[in-house]
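Novice: After the structure tokens below, expect a handful of questions from me.
Numbering (my numbering), first residue to last: 5 to 87.
Structural data, given as structure tokens:
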């Protein structure tokens with residue numbers, strides 16, 4: 005829902021979102037164990053990698069401006085997300 009960077013980056017966006025959703029569920033449980041507000045811990049877990057989604061959203065915006073596929077190497081994008 006946040007971005008649609010197109011192939012081959014769409015799978016990366018899905019993986020980042022799945023990771024963030026899983027992290028949020030774990031953070032909620034840890035929040036309870038450590039006396040934090042569970043929903044605040046959930047939100048923190050959900051947003052912990054939001055920068056990666058912003059990078060992918062910028063690829064989506066660039067793709068829209070160019071009205072076509074991008075020539076950004078997939079390996080470069082993967083490394084940018086890793087860092």
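We put the CB at the ideal spot given by N, CA and C, even for glycine. Here the structure is a predicted model, which is why all the values come from computation and not from measurement.
To the nearest whole angstrom, what separates the beta carbons of residue 19 and residue 9, a pair I think is in contact under 8 Å?
Specialist: That pair is no contact at about 12 Å.
Novice: Please report the Cβ distance between residue 13 and residue 87, rounded to the nearest whole angstrom; I am assuming they are in contact, meaning their Cβ atoms lie under 8 Å.
Specialist: Actually they do not touch by this definition, with Cβ atoms about 16 Å apart.
Novice: Roughly how far, in whole angstroms, is the beta-carbon of residue 63 from the beta-carbon of residue 74, given that I think they are within contact range, below 8 Å?
Specialist: 6 Å
Novice: Could you please give the first and the last residue of the uninterrupted alpha helix (DSSP H) stretch that includes residue 87?
Specialist: Residue 87: not part of any alpha helix (DSSP H); DSSP gives it neither H nor E.
Novice: Determine the DSSP secondary structure at residue 80, reduced to helix, strand or coil.
Specialist: helix
Novice: Exposed or buried, which one is residue 60 when buried takes at least 16 other CB atoms within 10 Å?
Specialist: buried
Novice: Just checking my contact of residue 45 with residue 32 at CB under 8 Å: how many whole Å lie between their CB atoms?
Specialist: 5 Å
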